[in-house]
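Peer 1: One structure follows; several queries about it will come next.
Protein chains: 2
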Amino acid sequence: MTYTIKEVAQKTGLSIYTLRFYDKQGLLPFVMRNEAGYRTFTESDLSIIHTICCLKNTDMKISDIRQYVDYVMAGSATIGKRIKLLSAQRAKVLAKQQQLTENLKEIDYKLNIYQSPEAVETINQARQYVKEEKQASKM
Amino acid sequence: MTYTIKEVAQKTGLSIYTLRFYDKQGLLPFVMRNEAGYRTFTESDLSIIHTICCLKNTDMKISDIRQYVDYVMAGSATIGKRIKLLSAQRAKVLAKQQQLTENLKEIDYKLNIYQSPEAVETINQARQYVKEEKQASKM
DNA sequence: TCTTGCCCTAGAGTTATGTCGAGGGTTTAT
DNA sequence: ATAAACCCTCGACATAACTCTAGGGCAAGA
Chain A
5 MTYTIKEVAQ KTGLSIYTLR FYDKQGLLPF VMRNEAGYRT FTESDLSIIH TICCLKNTDM
65 KISDIRQYVD YVMAGSATIG KRIKLLSAQR AKVLAKQQQL TENLKEIDYK LNIYQSPEAV
125 ETINQARQYV KEEKQASKM
Chain B
5 MTYTIKEVAQ KTGLSIYTLR FYDKQGLLPF VMRNEAGYRT FTESDLSIIH TICCLKNTDM
65 KISDIRQYVD YVMAGSATIG KRIKLLSAQR AKVLAKQQQL TENLKEIDYK LNIYQSPEAV
125 ETINQARQYV KEEKQASKM
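Taken in order, these protein sequences are the chains called A and B.
Offset between the first sequence (1-based) and our numbering: plus 4.
Offset between the second sequence (1-based) and our numbering: plus 4.
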């Protein structure tokens, strides 16, 4: 009926260490323990851990994820706060996507230069220019 | 003809501390010094710092950026290595973009639930289910 | 010339996110 | 009943990427 920490590690791709670390940081307050003190993860727990991983993948800080988890634990009264938090994260993701698109353009621009037949010549000319600029700056 | 570290900080958005840190890490071997030992940045320096920032924004590690800078400093003989390095980074960016798109879908899915008129009801039902699942797991 | 503001280095301190080892209890299969 | 394989906590260690402080030199205006 429940999963051990090892099984959850395998299912999520997180290490056992990381899961325990997350628990210590207050990200997993919903995880129960058995008589021996072992963590017992339910299917629902896996679902919210999945959400935690999703937020993590968008570079949300652990302290902010804890805030979200706390809202979830607090029940429906915090829906407004959850919307605010997720909307802010949504905006961050959109911004990051846009930035990545621009970064990609620059990388492709560089790759095009390097992969062109005139690459060696282009680079040598650039190096010459840099050299002259450095020389000129010494005056 | 050249820029001070403060001016470069303003132009790039990096802090003076960060610029000096990057220099210490070997990311700025091309920056010259004046008689007093002050760094003097040329226009070309700004250009490669821009590239460094671009790679940084795609989460490339400083040690890998240093590798790239070293290749650039070494001249046209390293074009093949630069292509390999940038191509690998390109693949990483594409993967990250795809992941962000998926994360965004999940965030939007959650937001839809929270913003629907039945949000409170949906959440209370989910909480009830979680509760029962936890109860059942105790047996 | 004196003050203010900028520059330098070396190295300590910080933050975030893990990762691991020691010491000890539990479960399972033989 | 015993070994192997788990689980636990606590706290130390690691790593990356800054961030800042102390102590001291340089530069430009009043």
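Every residue, glycine too, gets a C-beta built ideally from N, C-alpha and C.
At a Cβ threshold of 9 Å, is arginine 70 of chain B touching chain A?
Peer 2: Here residue 70 of chain B refers to the residue found at position 66 of the second sequence. False, the Cβ-Cβ gap to chain A never drops below 9 Å.
Peer 1: Using a Cβ cut-off of 8 Å, which residues of the stretch 26–46 of chain B contact any Cβ in chain A, in chain order?
Peer 2: Answer in chain order: Phe34, Met36, Thr44, Thr46.
Peer 1: With 8 Å as the C-beta to C-beta threshold (strictly closer), list the residues of the stretch 113–126 of chain A near chain B in chain order.
Peer 2: From the stretch 113–126 of chain A, only Lys114, Leu115, Tyr118, Gln119, Ala123, Val124 have a Cβ closer than 8 Å to chain B.
Peer 1: DSSP on threonine 44 of chain B, reduced to helix/strand/coil?
Peer 2: The sequence position of residue 44 of chain B within the second sequence is 40, counting from 1. If DSSP states are grouped into helix, strand and coil, threonine 44 of chain B belongs with the strands.
Peer 1: Which residues in chain A have a C-beta closer than 8 Å to the C-beta of glycine 79 of chain B? List them in chain order.
Peer 2: For the purposes of this step, residue 79 of chain B is identified with residue 75 of the second sequence, where counting begins at 1. The contacting residues are Ile127, Asn128, Arg131.
Peer 1: DSSP on methionine 5 of chain B, reduced to helix/strand/coil?
Peer 2: Taking the first residue of the second sequence as 1, we reach residue 5 of chain B at position 1. Looking at methionine 5 of chain B - three-state DSSP - the assignment turns out to be coil, as it is neither helix nor strand.
Peer 1: Roughly how many angstroms separate the alpha carbons of arginine 94 of chain B and methionine 5 of chain A, rounded to a whole number?
Peer 2: Reading the second sequence from its first residue, position 90 is the one you call residue 94 of chain B. Reading the first sequence from its first residue, position 1 is the one you call residue 5 of chain A. Their Cα atoms are separated by approximately 43 Å.
Peer 1: Please list, in chain order, the chain B residues whose beta carbon lies closer than 8 Å to that of valine 134 of chain A.
Peer 2: Translated into the one-based positions of the first sequence, residue 134 of chain A becomes position 130. Ordered by position in chain B, the residues that pass the 8 Å Cβ test against valine 134 of chain A are Phe34, Thr46, Ser48.
Peer 1: Under 9 Å between the Cβ atoms of isoleucine 111 of chain B and valine 97 of chain A?
Peer 2: As a position in the second sequence, residue 111 of chain B is number 107, starting the count at 1. As a position in the first sequence, residue 97 of chain A is number 93, starting the count at 1. The answer is yes: Cβ separation under 9 Å.
Peer 1: For asparagine 38 of chain B, report the span of its alpha helix (DSSP H) as first-last.
Peer 2: Along the second sequence, read from residue 1 onward, the residue named residue 38 of chain B stands at position 34. From DSSP, asparagine 38 of chain B is part of no alpha helix (DSSP H); its letter is neither H nor E.
Peer 1: Could you spell out the range, first to last residue, of the alpha helix (DSSP H) harbouring alanine 99 of chain A?
Peer 2: Looking up residue 99 of chain A in the first sequence gives position 95. It spans 83–119 - the alpha helix (DSSP H) in which alanine 99 of chain A sits, taken as one unbroken run.
Peer 1: Could you check the C-alpha separation between glutamine 29 of chain A and phenylalanine 45 of chain A for me, to the nearest Å?
Peer 2: Taking the first residue of the first sequence as position 1, residue 29 of chain A is located at position 25. Taking the first residue of the first sequence as position 1, residue 45 of chain A is located at position 41. Straight-line Cα distance between these residues: approximately 17 Å.
Peer 1: Could you give the first and the last residue of the continuous alpha helix (DSSP H) run that contains glutamine 71 of chain A?
Peer 2: Position 67 of the first sequence, counted from the start, is the residue given in the question as residue 71 of chain A. Element bounds for glutamine 71 of chain A: 66–78.
Peer 1: Under 8 Å between beta-carbons, which chain B residues line up against glutamate 110 of chain A? List them in chain order, please.
Peer 2: For the purposes of this step, residue 110 of chain A is taken as residue 106 along the first sequence, with counting starting at 1. Near glutamate 110 of chain A (Cβ distances below 8 Å), the residues of chain B are Thr55, Cys58.
Peer 1: Excluding five sequence neighbours on each side, which residues of the same chain lie with their C-beta closer than 7 Å to the C-beta of leucine 23 of chain A?
Peer 2: Translated into the one-based positions of the first sequence, residue 23 of chain A becomes position 19. Same-chain partners within the cutoff: Ile9, Val12, Ala13.
Peer 1: The alpha helix (DSSP H) that contains serine 141 of chain B, what's its start and end?
Peer 2: As a position in the second sequence, residue 141 of chain B is number 137, starting the count at 1. Serine 141 of chain B -> alpha helix (DSSP H) spans 123–141.
Peer 1: Name, going along the chain, the residues of the stretch 93–106 of chain B whose beta-carbon falls closer than 7 Å to a beta-carbon of chain A.
Peer 2: Within the stretch 93–106 of chain B, the residues whose Cβ lies closer than 7 Å to some Cβ of chain A are Gln93, Arg94, Val97, Lys100, Gln101, Gln103, Leu104, listed in chain order.
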